[in-house]
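Down below is the structure, laid out as structure tokens.
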Amino acid sequence: MILNMAGVSVDAQYSTKFLGDRVEPIPQNKMLIPIFLTYEVMMFSFFLSAVFMFQEKAEGSIK
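Just add 2 to wherever you are in the sequence shown, counting from 1, and you've got the working numbering.
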């Protein structure tokens with residue numbers, strides 16, 4: 003059963019065909035790897051920016 007935007011039930015005019023077998027879901031520990039990698043890159047870039055900014059301030063090139 004599918005509802006359209008008006009909330010009226012309509013019959014589906016399409017079918018779903020799976021090309022491959024169903025796979026098991028990704029484990030929780032492997033699902034978090036991209037999040038940790040993204041967080042690490044963001045923190046490293048903020049840290050590197052702060053180091054460069056304070057280094058230039060100590061050298062007197064920015065006021």
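Idealized CB from N, CA, C, for every residue including glycine.
- In the displayed model, Leu-5 falls within a strand according to three-state DSSP.
- Met-45 and Leu-21 have their alpha carbons spaced roughly 40 Å apart.
- Counting only the Cα atoms, Thr-40 lies some 10 Å from Leu-34.
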